[in-house]
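In this note's numbering, the protein residues as written are 10 to 340. A short worksheet on the structure shown next.
Below, the structure is given as structure tokens:
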């Protein structure tokens, strides 16, 4: 802008000189006058005129430099300031957009990491699901064997021989794999204490259960009674009702088997009292309903546990209610 102002001043001075002289001098003949930069030029007041080539270039230079009014200059300056302000705004918006892009890229990276983690977790869950399916299939196969019912030939033969040796005390049903103790020969009326003559038979049964042919089997000891209510005060003090009496008798048989060396993990206990008779509770039929059944089934354990070695425990006296597990006796 300073150049423009100087150009305007120079142009004004030239116009003033031309107006005062009233003519254009003949510069082809040198004239006496002051010296200006090694050239002799005529005197026009106190100014030194340049050579002709400078005069020829001056209008061109002035035209190139131009001269604009102050208002136009101010307008251009204002427009320039506005452009600079707009540029600053655009740059700020650009920086903000770049920051948002960086933030979005960070979130995308985090989401990708989370997705990879979820894929790994899903893979682990899939493996667990596959393992669970395999376990379920194995359980189904065991259930099929359980429903099939037959015991190994050697085990069935040993149980049949046991029943033949103690005909009054117990019977054996090969089809259902069930040993049935007659309660009248196993317990006194209203008692859960085993009679002396039963220990030999129970020890022989424990030997069969610990044999190799029976290693893949476990048993459930189930107590049953007739429908005669417990009325003796001494009996009621120990056995609140027939269900209690049935469970307590099953526990006594289990305790004797464990004492004879059978693993406790292979025996579970239940009792139905009077609610699952095999015959009508007539005078003759009631005796058949008073029984303790030992039902053999395929083992549900993943691995066989070693046989118990603890000494025989005394008969348990239970005076509190016992949760009775439902059981459907084989037919």
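Note that beta-carbon positions come from the ideal geometry of N, C-alpha and C, so glycine has one too. Since we're looking at a predicted model, the values are computed, not measured.
Notebook entry, point to check: Just the Cα atoms here: how many angstroms apart are residue 101 and residue 138?
Noted result: Stepping through the chain shown from its first residue, residue 101 is reached at position 92. Stepping through the chain shown from its first residue, residue 138 is reached at position 129. Their Cα atoms are separated by approximately 54 angstroms.
Next item on the list: Could you name the residues of the same chain whose beta carbon sits closer than 8 angstroms to that of residue 81, not counting the 5 residues immediately before and after it, in chain order?
Entry: Within the chain shown, numbered from 1, the residue matching residue 81 stands at position 72. Within the same chain, and ignoring the five residues on either side of residue 81 in sequence, no residue has its Cβ closer than 8 angstroms to its Cβ.
Next item on the list: Can you say whether residue 27 is buried or exposed, counting buried as having 16 or more other CB atoms within 10 angstroms of its CB?
Entry: Residue mapping note: residue 27 aligns to position 18 of the chain shown, counting from 1. Note that residue 27 has pLDDT 46, beneath the 50 cutoff, so the model's placement of it is unreliable and no number is given.
Next item on the list: On a CA-only basis, which of 300, 212, 242 and 259 is nearest residue 236? Give me that one, please.
Entry: By one-based count along the chain shown, residue 236 stands at place 227. Of the residues 300, 212, 242 and 259, the one whose Cα lies closest to the Cα of residue 236 is 300.
Next item on the list: Could you please give the first and the last residue of the uninterrupted beta strand (DSSP E) stretch that includes residue 305?
Entry: Locating residue 305 in the chain shown gives position 296, where the first residue counts as 1. Residues 300-307.
Check: What number of angstroms, rounded off, separates the C-alpha of residue 4 from the C-alpha of residue 234?
Finding: For residue 4 there is no data in the structure shown, the boundaries of the chain being 10 and 340.
Next item on the list: Can you have a look at residue 256 and say buried or exposed, based on whether 16 or more other CB atoms are within 10 angstroms of its CB?
Entry: Numbered from its first residue, the chain shown carries residue 256 at position 247. Around the CB of residue 256, 16 or more other CB atoms lie within 10 Å, so the residue is classed as buried.
Margin query: Taking the beta strand (DSSP E) that residue 233 belongs to, which residues open and close that run?
Written below: As a working note, residue 233 is residue 224 in the chain shown. Counting along the chain, residue 233 sits inside the beta strand (DSSP E) bounded by residues 226-233.
Item checked: Three-state secondary structure (DSSP) of residue 28 -> As a working note, residue 28 is residue 19 in the chain shown. The predicted position of residue 28 is uncertain, since its pLDDT is 46 and thus under 50; no value can be drawn from it.
Notebook entry, point to check: Does the stretch 212-220 come close enough to the stretch 259-274 to have 3 or more Cβ pairs within less than 8 angstroms?
Noted result: As far as the Cβ criterion goes, the stretch 212-220 touches the stretch 259-274, which means the pair count is three or higher.
Next item on the list: Return helix, strand or coil for residue 175, following the three-state DSSP convention.
Entry: By 1-based counting over the chain shown, the position of residue 175 is 166. Looking at residue 175 - three-state DSSP - the assignment turns out to be coil, as it is neither helix nor strand.
Check: Under a three-way DSSP split, which group does residue 220 fall into?
Finding: Sequence index remark: in the chain shown, residue 220 carries index 211 (1-based). Secondary structure at residue 220: coil, using DSSP grouped into helix, strand and coil.
Notebook entry, point to check: Out of curiosity, what's the CA-to-CA distance linking residue 344 and residue 125?
Noted result: Nothing can be reported for residue 344, as the shown portion of the chain is limited to 10 through 340.
Notebook entry, point to check: Taking the Cβ atom as the reference point for each residue, do residue 231 and residue 302 lie within a distance shorter than 7 angstroms?
Noted result: On the chain shown, residue 231 is found 222 positions in, with the first residue counted as 1. On the chain shown, residue 302 is found 293 positions in, with the first residue counted as 1. Yes, the pair counts as a contact, with Cβ atoms nearer than the cut-off.
Check: Shortest alpha-carbon distance to residue 162 belongs to which of 178, 140, 186 and 176?
Finding: If you number the chain shown from 1, residue 162 lands on position 153. Comparing Cα positions, the closest option is 186.
Notebook entry, point to check: The beta strand (DSSP E) spanning residue 278 covers which residue range?
Noted result: Walking along the chain shown from the start, residue 278 turns up at place 269. Residue 278 -> beta strand (DSSP E) spans 276-282.
Next item on the list: Indicate the three-state DSSP secondary structure (helix, strand or coil) for residue 57 in the structure shown.
Entry: Indexing the chain shown from 1 puts residue 57 at position 48. Residue confidence for residue 57 is low, a pLDDT of 45 falling below 50, so the modelled location carries little weight and cannot support an answer.
Checklist line | Selected residue, minimal CA-CA separation from residue 211, among 239, 200, 108 and 195 | finding: The count along the chain shown starts at 1 and reaches residue 211 at position 202. The shortest C-alpha separation from residue 211 is found at 195.
Notebook entry, point to check: How big is the Cα-Cα spacing for residue 191 and residue 249?
Noted result: Residue mapping note: residue 191 aligns to position 182 of the chain shown, counting from 1. Residue mapping note: residue 249 aligns to position 240 of the chain shown, counting from 1. Roughly 22 angstroms between the two C-alpha positions.
Notebook entry, point to check: When the Cα atoms are used, what is the spatial distance from residue 159 to residue 243?
Noted result: Translated into the one-based positions of the chain shown, residue 159 becomes position 150. Translated into the one-based positions of the chain shown, residue 243 becomes position 234. Looking at the two C-alpha atoms, the distance is approximately 43 angstroms.
Item checked: Neighbour-count burial assignment, residue 279, 16 or more Cβ in a 10 Å radius -> Position 270 of the chain shown, counted from the first residue, corresponds to residue 279. Flag for residue 279 reads buried.
Check: In three-state DSSP terms, what is residue 203?
Finding: Locating residue 203 in the chain shown gives position 194, where the first residue counts as 1. Of the three classes helix, strand and coil, the one that applies to residue 203 here is strand, per DSSP.
Notebook entry, point to check: Under a three-way DSSP split, which group does residue 191 fall into?
Noted result: As a working note, residue 191 is residue 182 in the chain shown. If DSSP states are grouped into helix, strand and coil, residue 191 belongs with the strands.
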